[in-house]
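Protein chains in written order, with my numbering: chain E, 96 to 429; chain U, 4 to 263; chain H, -3 to 287.
Where is the CB? At the ideal position from N, CA and C, for every residue including glycine.
First up is the structure itself, then whatever we jot down about it.
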Amino acid sequence: MLVKDHPNLKRVLFAAGAIGLVSVPHLVESQYVMHLLIMGCIYTILTQSLNLIAGYMGAISIGHAAFYGIGAYTSALLALRLNLPFIVTVPCAALLAGFAGLVLAIPSLKLKSSYLVITTIAFGKAIHLIMINAVPLTRGPLGLLGIPAPFMMKLGALQIDFSTKTQYYYLMMAVMLMVMFLYYRLIHSRTGRAIIGVREDEIASAVIGVDVVYYKILSFVIGTATAGLAGALYAHYVRFISPETFSIFESITLLIMMIVGGTGTFIGPILGAFGITFLLENLRFLATFRLMIYGVILFLTIFFMPRGLVGLFDLLKRRLFPSHMEEKKQPESN
Amino acid sequence: MGNVLEVQSLKMCFEGLTAVADVSFKVRKGLIFSIIGPNGSGKTTILNMISGLYKPTDGRVIFSDKDITGMKPHVVGKLGISRTFQNLRLFNELTVLENVLIGRHCRLGGGLFSDVMGLGSKRKVEKQALKVAMEYLDLFGLARHKDSKAQSLPYGLKRELEIARALATEPQLLLLDEPAAGMNAQETANLVELIRKVRDYGKTIILIEHNIKMVMGLCDHIVVLDSGQKISEGKAHEVQNDPKVIEAYLGTRGVEHAFN
Amino acid sequence: MGEFLQQIINGLVLGSIYALIAVGLSQIFGVIRIIQWAHGEVYMIGAYVGFFLTVYMKLPYLLSLVIATLAMAVFGVIIETVVFRPLRNFPSISTTLGAIGLSVFLLNAANVFFTPEPQRFPLDYVNRIIQVGPLMVTYQRAVVFFISLLLILALSLFIKKTLVGKSMIAMSEDMQAASLMGIDVNFTAALAFAIGSALAGAAGVLISPIFLLYPQMSGIAVAKAFPVVVLGGLGSIEGAILSGYILGLTESLMSGYVSSAYKDLPAFIILILVLYLRPQGLLGRKIVEKV
Chain E
96 MLVKDHPNLK RVLFAAGAIG LVSVPHLVES QYVMHLLIMG CIYTILTQSL
146 NLIAGYMGAI SIGHAAFYGI GAYTSALLAL RLNLPFIVTV PCAALLAGFA
196 GLVLAIPSLK LKSSYLVITT IAFGKAIHLI MINAVPLTRG PLGLLGIPAP
246 FMMKLGALQI DFSTKTQYYY LMMAVMLMVM FLYYRLIHSR TGRAIIGVRE
296 DEIASAVIGV DVVYYKILSF VIGTATAGLA GALYAHYVRF ISPETFSIFE
346 SITLLIMMIV GGTGTFIGPI LGAFGITFLL ENLRFLATFR LMIYGVILFL
396 TIFFMPRGLV GLFDLLKRRL FPSHMEEKKQ PESN
Chain U
4 MGNVLEVQSL KMCFEGLTAV ADVSFKVRKG LIFSIIGPNG SGKTTILNMI
54 SGLYKPTDGR VIFSDKDITG MKPHVVGKLG ISRTFQNLRL FNELTVLENV
104 LIGRHCRLGG GLFSDVMGLG SKRKVEKQAL KVAMEYLDLF GLARHKDSKA
154 QSLPYGLKRE LEIARALATE PQLLLLDEPA AGMNAQETAN LVELIRKVRD
204 YGKTIILIEH NIKMVMGLCD HIVVLDSGQK ISEGKAHEVQ NDPKVIEAYL
254 GTRGVEHAFN
Chain H
-3 MGEFLQQIIN GLVLGSIYAL IAVGLSQIFG VIRIIQWAHG EVYMIGAYVG
47 FFLTVYMKLP YLLSLVIATL AMAVFGVIIE TVVFRPLRNF PSISTTLGAI
97 GLSVFLLNAA NVFFTPEPQR FPLDYVNRII QVGPLMVTYQ RAVVFFISLL
147 LILALSLFIK KTLVGKSMIA MSEDMQAASL MGIDVNFTAA LAFAIGSALA
197 GAAGVLISPI FLLYPQMSGI AVAKAFPVVV LGGLGSIEGA ILSGYILGLT
247 ESLMSGYVSS AYKDLPAFII LILVLYLRPQ GLLGRKIVEK V
């Protein structure tokens, strides 16, 4: 009994899901859990953007947090120094992050993967250093304080300024769903197929008419711009940012989220982002050991769950519901 | 002019090694044309120069009266030349259908914006693309495998899939690099039928093959290479009896029955 | 003139350390095509082992050096067996990420067990000065230079003259062919890790009396070792040695004559330049992909 064969069931599930999402803030009492949900949304956007680059296009990037940071700082600085409204600073943040991605991509994407990894790490470190050292602009390690909350909306007597967690939750949910929707469209289209073809075999893609360089750069820039968007949303949520948040460690966290969820799958990033966010919180009691566990999680996932949670669910599904049709045969340990 | 492809004095050097030296030939439209020669004679290198993967050190490639020398592979692909590879380059993790669908890439319009916006016309184009891809699969008898991973197909079908994908780009000229490698007699016979069918659809084919019997039976015109140079050219029986060809393959003590 | 020579000496010392670290990294890549992202942590742990042996166990410094080097060789084999060997047949992205996971684990383990605070490695004769003509060299710096040279020389002889060494070269050319010829891939891989880690550990023990010891030093090692390896050519031992000294001298001259604030810049610039202009480095082989 496949869900997709029953359109009415689909509609009911959809409606139930929507109602569920909307009512969450009213069911959840802990501000702390609300915080985790909001961060989960931000990380979902970030992880999906990395997934586009590393999962769908196949370029391992260990400097993705740099673009997250560029977006955060851009939006924060435009708001603080130029008093520009949220509606302007956020797109600017995304654009600048996308542009930075373009600048990095053009010379780098032709490098073989080992060298590309080195380049992305170097870029990440360089941006991190700039954040720390460009004190007149970024206030260095002290960070930027007092970033304004998004904006004010007046709906009749109601004044919404997204300064509460409940309101920000709705904002993040809306943005996250929008981004996921657009990404879904992108991946399941001619452009998406071309990007995947580039990952699978550049030379074969080239000879069948796919402009490999164009699609590599395109996917990279879309990914980095999206990361910048997430950064801007983060900045206006926590309202204080510092270089610490945007280190290589964060880039590794994003990779872990992507892998644990399922590299190159669509819902993997959601699972990975929320999963790791909640897992890390629950591991807080381990205090300093927490970070060691990180490394172990990465290794264990790569070794035992190379296809992530999505792969795991796929496996379970096939074991429990063997289909009548010819099965999709999966090669071993790939 | 009737020549789909013309190759003029092609030369390819790699850091001191001359892989191809001054090779010229013309390919007439609608022919099954073959390039044969011992290993390392430069056959694949010539295909790579035609399809844009290598930039020739010297010489020109003219396709339908257009100079395409040194053009990027995806441009050449869009202009109407498609190919398969000696060592198979399928999109292994993707399904059979997805492989052929990507083949349709350069014949589908649109770009990033229309893809993401998902405009109504886009949906129609997608449906059409799917339909055409399925037609190609039907042609090759691959339809029932459409959702299987390319990786999982038996070897002979993998080769056919690669040809199907190449055809999906609607080429005028199809380059096949040792498509019969590793095939048994039955698979080879199927392949020969397939190639003839493709020619009957109006395509011109350049075939690189080591299976001499297959080449002699199938091809209208043959070019023989040895050590990067053209040593013979002509119809099957002309080339078969050319002493230079026999020497290149077998050494000076010719053993004719290899060609019978 | 004296100033210039002084900087040269500093550069040679620095270069020796870079060379030691880079040679290990380059060789591991050369033999098993893995970038050992946790190599910096091996260097750092080696330094701590040497520190522990000398300061807490009160062993003579040179003895500690030898023991630490051997210990890191063993450690390298352990890493290879536990982390890298299981991933050998996985796609290369898995190996990269596994190495990074190992690096994160080791760095944070060091933070937990060794504390993040920098420590001094007190050694009596570190700053004793030897005078050679107009030149003044501290004792430890001389030790670093000569022992590094010794180790590098030993390695070169090993690789070129022994059968085992040559089998490593064979593996770096073609792993499949090498195994078909009867070369034990597992053994050779473990050996490459043993040698590389030993050199890195030795480097750690050698340098830590001069500077401070702290877990983050692993990151610095990596930040310098990678440009060296890339400049020399991934997989080329000669390249790593040459480039190590080039970087060491460049940094030393830069910090002496320009400004010490920018001493990390040459490494970064070299990395960028090489990657974009000549990815195969000075002595690496250009890899032409066969179509």
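I need the DSSP call for residue i, collapsed to helix, strand or coil.
i                     : result
residue 381 (chain E) : helix
residue 152 (chain E) : coil
residue 101 (chain E) : coil
residue 247 (chain U) : helix
residue 362 (chain E) : coil
residue 27 (chain U)  : strand
residue 124 (chain H) : coil
residue 11 (chain U)  : strand
residue 214 (chain E) : helix
residue 304 (chain U) : Since the first residue of chain U shown is 4 and the last is 263, residue 304 (chain U) is not available in this structure.
residue 109 (chain U) : helix
residue 107 (chain H) : helix
residue 17 (chain U)  : strand
residue 276 (chain H) : coil
residue 426 (chain E) : Annotation note: pLDDT 40 at residue 426 (chain E) (below 50); position unreliable, coordinate value reported separately. Coil at residue 426 (chain E), not helix or strand.
residue 51 (chain U)  : helix
residue 258 (chain U) : Because the pLDDT of residue 258 (chain U) is 48, which lies under 50, any placement of that residue in the model is unreliable, and the number read from its coordinates should be weighed accordingly. In this structure, residue 258 (chain U) counts as coil in the three-state DSSP scheme.
residue 168 (chain H) : helix
At the level of alpha carbons, what is the spacing between residue i and residue j?
i                     : j                     : result
residue 308 (chain E) : residue 301 (chain E) : 9 Å
residue 118 (chain H) : residue 250 (chain H) : 28 Å
residue 11 (chain H)  : residue 228 (chain E) : 27 Å
residue 148 (chain U) : residue 157 (chain U) : 11 Å
residue 326 (chain E) : residue 356 (chain E) : 21 Å
residue 180 (chain H) : residue 163 (chain H) : 9 Å
residue 354 (chain E) : residue 368 (chain E) : 10 Å
residue 278 (chain H) : residue 298 (chain E) : 28 Å
residue 2 (chain U)   : residue 127 (chain U) : With chain U represented from 4 up to 263, any question about residue 2 (chain U) goes unanswered, as that position is not in the structure.
residue 113 (chain U) : residue 119 (chain U) : 10 Å
residue 172 (chain E) : residue 244 (chain E) : 13 Å
residue 435 (chain E) : residue 99 (chain H)  : One cannot answer for residue 435 (chain E) here, as it falls past the ends of chain E, which runs 96 to 429.
residue 237 (chain E) : residue 360 (chain E) : 38 Å
residue 413 (chain E) : residue 27 (chain H)  : 40 Å
residue 301 (chain H) : residue 206 (chain H) : Missing from the structure shown is residue 301 (chain H); chain H here goes from -3 to 287 and no further.
residue 252 (chain H) : residue 216 (chain E) : 28 Å
residue 163 (chain E) : residue 62 (chain U)  : 49 Å
residue 48 (chain U)  : residue 83 (chain U)  : 19 Å
residue 294 (chain E) : residue 154 (chain E) : 8 Å
Is residue i near the ligand FAD, with its Cβ less than 8 Å from a heavy atom?
i                     : result
residue 176 (chain H) : Of the ligands one can find in the structure shown there are none, so the ligand FAD has no counterpart to examine.
Please report the Cβ distance between residue i and residue j, rounded to the nearest whole angstrom; I am assuming they are in contact, meaning their Cβ atoms lie under 8 Å.
i                     : j                     : result
residue 264 (chain E) : residue 129 (chain E) : 6 Å
residue 71 (chain U)  : residue 11 (chain U)  : Actually they are not in contact, since the Cβ atoms of residue 71 (chain U) and residue 11 (chain U) sit about 12 Å apart, beyond 8 Å.
residue 72 (chain H)  : residue 236 (chain H) : Residue 72 (chain H) to residue 236 (chain H), Cβ: 17 Å. No contact.
residue 80 (chain U)  : residue 171 (chain U) : Actually they are not in contact, since the Cβ atoms of residue 80 (chain U) and residue 171 (chain U) sit about 11 Å apart, beyond 8 Å.
residue 213 (chain H) : residue 68 (chain H)  : In fact, because the Cβ distance is near 15 Å, the residues do not count as touching under 8 Å.
Exposed or buried, what is residue i when buried is set at 16 or more other beta-carbons lying within 10 Å of its beta-carbon?
i                     : result
residue 114 (chain H) : exposed
residue 159 (chain E) : buried
residue 322 (chain E) : buried
residue 167 (chain H) : buried
residue 240 (chain U) : exposed
residue 107 (chain E) : exposed
residue 17 (chain U)  : exposed
- Query: At a Cβ cut of 8 Å, what residues of the region 253 to 266 of chain H count as close to chain E, listed as they run along the chain?
  - Reply: 264
- Query: Of all the residues that make up the region 375 to 402 of chain E, which are near chain H by a beta-carbon distance shorter than 7 Å?
  - Reply: 383, 384, 386, 387, 389, 390, 391, 393, 394, 397, 398 and 401
- Message: Counting only Cβ-Cβ distances shorter than 7 Å, please list the residues of the region 320 to 354 of chain E near chain U, keeping chain order.
- Response: none
- Any residues in the region 280 to 314 of chain E with a beta carbon nearer than 8 Å to a beta carbon of chain U? Which ones, in chain order? 280, 281, 284, 285, 286, 287, 288, 289, 291, 292, 295, 296, 298, 299, 300, 301, 302, 303, 304, 305, 306, 307 and 313
- Message: So if I threshold CB-CB distances at 9 Å, which residues from the region 134 to 155 of chain E count as touching chain H?
- Response: 149, 153 and 155
- the region 233 to 244 of chain E: which residues have C-beta closer than 7 Å to a C-beta of chain H, in chain order? none
- Query: According to a CB-to-CB cut-off of less than 8 Å, which residues of the region 170 to 182 of chain U neighbour chain E?
  - Reply: 171 and 172
- Task: Could you run through the region 112 to 125 of chain U and flag, in chain order, every residue whose CB is less than 8 Å away from some CB of chain E?
- Result: 113, 114, 115, 118, 119, 120, 121 and 125
- Message: Can you pull out the residues from the region 89 to 105 of chain U whose beta carbon lies closer than 8 Å to at least one beta carbon of chain E?
- Response: 92, 93, 94, 95, 96, 97, 98, 101, 104 and 105
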